[in-house]
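Visitor: Have a look at this one before I ask anything.
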Amino acid sequence: MTEPTPVQVDKPVVSQVSDVTTPGMAVGIDGTYEAGLELKARSQWSYARNRFLRHRLAMSGLIVLVIVFGAGIFANLVAPYSFEEIDLTNVLAGPTTAAHHFFGTDEIGRDFFSRVIFGIRTSMEVGVFVAFVSSIIGVIVGAVAGYYGGWIDNILMRITDLVLTLPALAILLTAAALLGQGSQWRVSVILALFFWTGLARIVRGVFLSLREKEYVEAAKAAGSGDIRIMFRHILPNTLGPIVVNGTLSVGAAIIVEAALSFLGFGIKPPTPSLGSLIASGQQFPQKWWITVFPGLTLLIIVVAINFVGDGLRDALDPQQRRVRA
Amino acid sequence: MLTYITRRILYSIPVLIISTFLSFTFVSLAGNPTDNLRANPQFSVITYNNLQHKYHLDRAIPVRYWFWVKDVFEHKLGSSLVTSQPIWPDISRTFGHTAQVIVLAEILALILGVAVGIFSAIRQYSPFDYFFTSASFLGYAMPTFWLALLLQILFVDIYLKWHVRIFYTAGLNNPGQGTWSFDRLQHIGLPVITLTIISFALYSRYMRASMLDVINTDYVRTARAKGLPENKVIMRHVFRNALIPIVTIAALNFGGLLGGAIVTESVFGLDGMGYYFIQKLGQLDIYAVMAYLVVTSTIIIFFNLIADILYGYLDPRIRYD
Amino acid sequence: MPEPVLSIRNLIVEFRTEDGVVHAVDDISYDVFPGETLGIVGESGSGKSVSTMSILGLIPQPPGRIANGTAMFKGKDLLKMKKRELRRVRGDEVAMVFQDPMTSLNPVLKVGYQLGEAIKTHYPKEPNEKVKERVIELLRLVGVPNPESRYDNYPHEFSGGMRQRAMIAMSIANSPSLLIADEPTTALDVTIQAQVLEVLKRVQAETHAATILITHDLGIVAEMCERVIVMYGGKIVEHGDVHTIFQNPRHPYTIGLMDSLPKLTEDEEWLRPIPGQPPSLINRPPGCAFHPRCFLSQGRLQCREEVPPLRPIDGGKDHASACHFAEELIGRHSKFAEPVPAGGAS
Numbered sequence: 365m366t367e368p369t370p371v372q373v374d375k376p377v378v379s380q381v382s383d384v385t386t387p388g389m390a391v392g393i394d395g396t397y398e399a400g401l402e403l404k405a406r407s408q409w410s411y412a413r414n415r416f417l418r419h420r421l422a423m424s425g426l427i428v429l430v431i432v433f434g435a436g437i438f439a440n441l442v443a444p445y446s447f448e449e450i451d452l453t454n455v456l457a458g459p460t461t462a463a464h465h466f467f468g469t470d471e472i473g474r475d476f477f478s479r480v481i482f483g484i485r486t487s488m489e490v491g492v493f494v495a496f497v498s499s500i501i502g503v504i505v506g507a508v509a510g511y512y513g514g515w516i517d518n519i520l521m522r523i524t525d526l527v528l529t530l531p532a533l534a535i536l537l538t539a540a541a542l543l544g545q546g547s548q549w550r551v552s553v554i555l556a557l558f559f560w561t562g563l564a565r566i567v568r569g570v571f572l573s574l575r576e577k578e579y580v581e582a583a584k585a586a587g588s589g590d591i592r593i594m595f596r597h598i599l600p601n602t603l604g605p606i607v608v609n610g611t612l613s614v615g616a617a618i619i620v621e622a623a624l625s626f627l628g629f630g631i632k633p634p635t636p637s638l639g640s641l642i643a644s645g646q647q648f649p650q651k652w653w654i655t656v657f658p659g660l661t662l663l664i665i666v667v668a669i670n671f672v673g674d675g676l677r678d679a680l681d682p683q684q685r686r687v688r689a
Numbered sequence: 189m190l191t192y193i194t195r196r197i198l199y200s201i202p203v204l205i206i207s208t209f210l211s212f213t214f215v216s217l218a219g220n221p222t223d224n225l226r227a228n229p230q231f232s233v234i235t236y237n238n239l240q241h242k243y244h245l246d247r248a249i250p251v252r253y254w255f256w257v258k259d260v261f262e263h264k265l266g267s268s269l270v271t272s273q274p275i276w277p278d279i280s281r282t283f284g285h286t287a288q289v290i291v292l293a294e295i296l297a298l299i300l301g302v303a304v305g306i307f308s309a310i311r312q313y314s315p316f317d318y319f320f321t322s323a324s325f326l327g328y329a330m331p332t333f334w335l336a337l338l339l340q341i342l343f344v345d346i347y348l349k350w351h352v353r354i355f356y357t358a359g360l361n362n363p364g365q366g367t368w369s370f371d372r373l374q375h376i377g378l379p380v381i382t383l384t385i386i387s388f389a390l391y392s393r394y395m396r397a398s399m400l401d402v403i404n405t406d407y408v409r410t411a412r413a414k415g416l417p418e419n420k421v422i423m424r425h426v427f428r429n430a431l432i433p434i435v436t437i438a439a440l441n442f443g444g445l446l447g448g449a450i451v452t453e454s455v456f457g458l459d460g461m462g463y464y465f466i467q468k469l470g471q472l473d474i475y476a477v478m479a480y481l482v483v484t485s486t487i488i489i490f491f492n493l494i495a496d497i498l499y500g501y502l503d504p505r506i507r508y509d
Numbered sequence: 161m162p163e164p165v166l167s168i169r170n171l172i173v174e175f176r177t178e179d180g181v182v183h184a185v186d187d188i189s190y191d192v193f194p195g196e197t198l199g200i201v202g203e204s205g206s207g208k209s210v211s212t213m214s215i216l217g218l219i220p221q222p223p224g225r226i227a228n229g230t231a232m233f234k235g236k237d238l239l240k241m242k243k244r245e246l247r248r249v250r251g252d253e254v255a256m257v258f259q260d261p262m263t264s265l266n267p268v269l270k271v272g273y274q275l276g277e278a279i280k281t282h283y284p285k286e287p288n289e290k291v292k293e294r295v296i297e298l299l300r301l302v303g304v305p306n307p308e309s310r311y312d313n314y315p316h317e318f319s320g321g322m323r324q325r326a327m328i329a330m331s332i333a334n335s336p337s338l339l340i341a342d343e344p345t346t347a348l349d350v351t352i353q354a355q356v357l358e359v360l361k362r363v364q365a366e367t368h369a370a371t372i373l374i375t376h377d378l379g380i381v382a383e384m385c386e387r388v389i390v391m392y393g394g395k396i397v398e399h400g401d402v403h404t405i406f407q408n409p410r411h412p413y414t415i416g417l418m419d420s421l422p423k424l425t426e427d428e429e430w431l432r433p434i435p436g437q438p439p440s441l442i443n444r445p446p447g448c449a450f451h452p453r454c455f456l457s458q459g460r461l462q463c464r465e466e467v468p469p470l471r472p473i474d475g476g477k478d479h480a481s482a483c484h485f486a487e488e489l490i491g492r493h494s495k496f497a498e499p500v501p502a503g504g505a506s
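Protein chains in written order, with the numbering used here: chain D, 365 to 689; chain U, 189 to 509; chain W, 161 to 506.
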């Protein structure tokens, strides 16, 4: 009969288990040995990563995004033509494989496929910029409000509430019309200045609930400064919602920018934008490709982003399954 | 309950004031309405200065706000700087048209969204559930203007191919038809459908999630343990509790609906507030733009108030705040 | 011996999860006799709650599954009943009180209404005034002050202890023959615990209902129960009457549980927890579920390979233990065998 292998435990554990234990028994220091289940210690992150990889929708979304955004980043290489190249002999042609006009041409003969690709790049830049900047603003505002509480929290939350009562699209349109001047970067900044409120609320909630926890008290007692506590102790708990919210913001920002450009107040030509491409299609309802392709591209991008965002949410914040014993 | 309502109303008033002040300040800072005129060589400097004085543009912003507020009440939102026409008649006319589209869309979206949300939750993982969950994913990501365009193209195509007018794709009425006619319905059908689809995606998704949350609570388990039949469990305990967050969502969505109105009115050429706003914005007609922002803010704050009150009615815990 | 009110035989309940099949309840059998209080003791994960919830049909059937077993109640098998019939038993002849009073009541409905609902569901013809009277009477029985005005309160206006009393009132509204209390005091303060236990005792005296009291707290068992079942890893490892179990436990797990309790009338230097972790219900260790933590096993082959059957052993009437070497524990008294002097813990 083989002897059970004891488990070595560092910390001293209480002595004999009961008066029936006989000396000389090969029992581990804490009186047990592992049997049956192998316990693999996994870090939180690897567990989350596994959950994400198992999420089929999120993975397919991710693949789609890599392809589409890849095309955007390497637009110069991928697009068969430049954004402005005019070919007056081939005006308003339907989609064909001839001369690589996969998406057809527009009213002055520019290759539509290329225009869409460059439009993707713009959308991508706007989306990522807005998500990034608005996240930073949102985290700072939310952290300060949630951590310090009191009147600071009151004021900041009132401001956030006020922003919520404004008609969103109208305000953005007004800002873009008066200040945007059709520039991609100005429009991005305007969007970022509006998008932070959602994340601020979430982050504030987490900070508010966590600042009462014992480990924060302990850190304070040890003399840690506020900033340090906020960054090292509380902030890591908000990374989940931040990542999810940031991802979904990219999609939302892309749609809003497209709407602004469609209405003529956002990004103006010659800078490419999927929104203005769609707008140009209004004059030619019969040439359906001018309306459909940029819109379809938008839809695919945003759906993919939403899938990825959902997958991230599942991975970083799984629902507890309730199995009571 | 009454104190709760009064408190919410009193709270809304300063919100309204600050909100309109913010809009005013923002617009005033961002664009001087007389900028265009300055560039125009036909205007003399004296005329320009007179104009500045007349419209109080040479004073501080809070002062200007005060004048503007007085103007709103005395002269009903003042006159446009560009056209010198009074603003109020335009706003009130267009408001009615926009309201018709938005209210119809919201009601449809709520009814359909709540119903589908309930069934999706009860029959979780069924084909019904999968279909509508995917559909709402799509609807959620769909740009409103693109959906509107697609519908427009589709119905223009139908007309051209089969010469049947199901829905009109532009304008509010054919000449001679009224606000409550079938003809009007045919004209606003597509904008309403567009907005309904977008909002429906939101409501069905949230209703489903809310239902699932409530179905798994302890008090629903208690209800079952009491021996209640499942349909009563759903109706009495699950449904009402699940509806509560939807009230908030519907209210918050109103801002989105107004934005959607801007888009659909532009695409379908409807004489609504959104279209009016776009026109005036293009002309940099500051006072008209401001009027629009103030009116819409008021509407949003008003509906938030309604939602708060409804919430207090549905959830007794809130009343004793 | 009188006929048992409830007779469970060979009950097996499983759950299908994405990590595997969880064997929550693994072939258990027990009886409950009229008027008695049966205690079911075990850690979280031992299957104590699942066994009772499953016979009432309160386990969602996917992912759960009652793989086998019978539960005879008044001559009918609860597990084979149609849903409609089972629903009529639930809340009327068999009632359940749950653990967390803070979340067990619907927050948007008045308390009086919810209690009344328990009555009206089974007796819809009763006039509303009579139902309201009965509810007020019930609230008074469980010690809720001012029951007439409390009838119109919402749950958030009740304290935790009061809510649990209301839950108990709700459960006995239709004078059930069997009352199942699943950790009724776990979520409450110790002083409130005592009050709620008093209420339970009073309620039993009034209704003469048989009671199954599920808990992990041996103190409650000692106070309230006549017979005890000890569960571990989804199985019954020991059962017997309360005196026998406390004075002459015959299973290493039970002994471990007793040992881990501090005794107020003696000096003890160290607390003695049971070392190790409760078993995973998906990947069971072969043989006896307790053997990795067992002091008696000493790594013996039989413990590691054979699942010990539940067999009768000396001690008291109806005393049984599921241990291969239970005989080795004979003659051993637990520290609770000595009578507690006056003034000790009651």
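Cβ atoms here follow ideal geometry from the backbone N, Cα and C, with glycine treated the same way.
Because the structure is a prediction, the values reported are computed rather than measured.
Nearest to Pro439(W) by alpha carbon, out of Arg453(W), Ser420(W), Lys477(W), Gly491(W)?
Guide: Measuring from the Cα of Pro439(W), the nearest candidate turns out to be Arg453(W).
Visitor: Helix, strand or coil, according to DSSP, for Glu218(W) in the structure here?
Guide: As written in the sequence, residue 218(W) is Leu, which differs from the Glu given in the question. In this structure, Leu218(W) counts as coil in the three-state DSSP scheme.
Visitor: My output table needs one value for Asp478(W): the three-state DSSP class, helix, strand or coil.
Guide: Note: Asp478(W) maps to coil in three-state DSSP.
Visitor: Under a three-way DSSP split, which group does Asn609(D) fall into?
Guide: Of the three classes helix, strand and coil, the one that applies to Asn609(D) here is helix, per DSSP.
Visitor: Whole angstroms is fine: what's the gap from Gly675(D)'s alpha carbon to Arg413(D)'s?
Guide: Roughly 10 Å separates the two Cα atoms.
Visitor: How many Å lie between Ser588(D) and Lys577(D) at the Cα?
Guide: Near 15 Å, if we compare the C-alpha coordinates of Lys577(D) and Ser588(D).
Visitor: Using a Cβ-Cβ distance under 8 Å, would Tyr407(U) count as near chain W?
Guide: Closer than 8 Å to some Cβ of chain W, the Cβ of Tyr407(U) qualifies, so yes.
Visitor: Out of curiosity, what's the CA-to-CA distance linking Asp401(W) and Ala341(W)?
Guide: Going from the Cα of Asp401(W) to the Cα of Ala341(W) covers about 19 Å.
Visitor: Quick one, which residues of the region 326-352 of chain U are near chain D if we go by CB-CB under 9 Å, in chain order?
Guide: Within the region 326-352 of chain U, the qualifying residues are Leu326, Tyr328, Ala329, Met330, Pro331, Thr332, Phe333, Trp334, Leu335, Leu337, Leu338, Gln340, Ile341, Val344, Asp345, Leu348.
Visitor: Could you pull the DSSP bridge partners for Asn429(U) from this structure?
Guide: For Asn429(U), which the question treats as bridged, DSSP gives no partner whatsoever.
Visitor: Please decide whether Arg428(U) counts as near chain W, where near means a Cβ-Cβ distance under 8 Å.
Guide: It does: the Cβ of Arg428(U) has a partner Cβ on chain W nearer than 8 Å.
Visitor: Check whether chain U comes within 8 Å of Pro284(W), counting only Cβ atoms and requiring the distance to be less than that.
Guide: False, the Cβ-Cβ gap to chain U never drops below 8 Å.
Visitor: Can you give me the Cβ contacts of Pro633(D) inside the same chain, cut-off strictly under 7 Å, excluding the 5 residues immediately before and after it?
Guide: Cβ neighbours of Pro633(D) beyond the five flanking positions: Ser640.
Visitor: Around the Cβ of Val391(D), are there at least 16 other Cβ atoms within 10 angstroms (buried) or fewer (exposed)?
Guide: For Val391(D), the predicted structure reports a pLDDT of 40, less than 50, and the residue's modelled location is therefore unreliable. The matter cannot be settled from this model.
Visitor: Residues of chain U with CB closer than 9 Å to the CB of Leu265(W), please, in chain order.
Guide: Within chain U, the residues near Leu265(W) are Asp406, Tyr407, Thr410.
Visitor: Let's see if you can read the secondary structure: which residues bound the beta strand (DSSP E) around Asp342(W)?
Guide: Where Asp342(W) is concerned, the enclosing beta strand (DSSP E) stretches over 338-342.
Visitor: Which of the three DSSP states, helix, strand or coil, is assigned to Thr282(U)?
Guide: Thr282(U) falls in the helix class under three-state DSSP.
Visitor: Please list the residues of the region 378-391 of chain U that have a C-beta atom closer than 7 Å to any C-beta atom in chain D, keeping them in chain order.
Guide: Against chain D - using a Cβ distance shorter than 7 Å - the region 378-391 of chain U contributes no residues.
Visitor: DSSP three-state call for Lys135(W): helix, strand or coil?
Guide: No answer is possible for residue 135(W): it lies beyond the span of chain W, which begins at 161 and ends at 506.
Visitor: For Tyr392(W), does the three-state DSSP call read helix, strand or coil?
Guide: Here Tyr392(W) sits in strand by DSSP.
Visitor: Please decide whether Leu416(U) counts as near chain W, where near means a Cβ-Cβ distance under 8 Å.
Guide: Yes, because at least one Cβ of chain W sits closer than 8 Å to the Cβ of Leu416(U).
Visitor: Here's the rule I'm using: 16 or more other beta-carbon atoms within 10 Å means buried, otherwise exposed. How should Ile168(W) be labelled?
Guide: Counting Cβ neighbours within 10 Å, Ile168(W) comes out buried, since at least 16 surround it.
Visitor: Among residues of its own chain, excluding the 5 on either side of Gln380(D), which ones have a beta-carbon nearer than 7 Å to its beta-carbon?
Guide: Any answer about Gln380(D) is weak, because its pLDDT of 33 lies below 50 and its placement is not dependable; what the coordinates show is given next. Excluding positions up to five away in sequence, the list is empty.
Visitor: On the CB-based measure, 16 or more other CB atoms within 10 Å of its CB, does Arg176(W) come out buried or exposed?
Guide: Exposed, since its Cβ has fewer than 16 Cβ neighbours within 10 Å.
Visitor: Just to check my reading of the structure: Val363(W) and Pro344(W) have Cβ atoms closer than 8 Å, yes? What is that Cβ distance to the nearest angstrom?
Guide: Not confirmed; about 11 Å, so no contact.
Visitor: Give the secondary structure of Pro315(W) by DSSP, where H, G and I count as helix, E and B as strand, and everything else as coil.
Guide: Pro315(W) falls in the helix class under three-state DSSP.
Visitor: For Trp334(U), is the classification buried or exposed, using 16 other Cβ atoms within 10 angstroms of its Cβ as the cut-off for buried?
Guide: Buried, by the Cβ-count rule.
Visitor: Check each residue of the region 249-278 of chain W: if its Cβ is closer than 7 Å to any Cβ of chain U, include it; give the result in chain order.
Guide: If the cut-off is 7 Å between Cβ atoms, the region 249-278 of chain W has Arg250, Gly251, Asp252, Met256, Phe258, Asp260, Thr263, Ser264, Leu265, Asn266, Pro267, Val268, Glu277, Ala278 near chain U.
Visitor: DSSP state of Arg325(W), grouped into three classes?
Guide: Here Arg325(W) sits in helix by DSSP.
Visitor: Less than 8 Å between the C-beta atoms of Phe559(D) and Ser613(D), yes or no?
Guide: Yes, the Cβ-Cβ distance between Phe559(D) and Ser613(D) is below 8 Å.
Visitor: Whole angstroms are fine: how far does the CA of Ser424(D) sit from the CA of Val607(D)?
Guide: Cα to Cα, Val607(D) sits roughly 19 Å from Ser424(D).
Visitor: Could you pull out every residue in the same chain whose Cβ sits closer than 6 Å to the Cβ of Leu429(D), ignoring the five residues on either side in sequence?
Guide: For Leu429(D), where only same-chain residues beyond five positions count, the Cβ hits under 6 Å are Ala668.
Visitor: According to DSSP, Phe175(W) sits in a beta bridge with which residue or residues?
Guide: Paired residues: Val182(W), Gly224(W).
Visitor: What are the uninterrupted segments assigned as beta strand (DSSP E) that are 3 or more residues long and contained completely in the region 377-439 of chain W, given in chain order?
Guide: Whole beta strand (DSSP E) segments, 3+ residues: 387-392, 395-401.
Visitor: Checking 8 Å against the spacing of the C-beta atoms, do Met399(U) and Val426(U) come in under that value?
Guide: Closer than 8 Å, so yes.
Visitor: What's the C-alpha gap between Asp377(W) and Leu301(W)?
Guide: Going by the C-alpha atoms only, they are around 26 Å apart.
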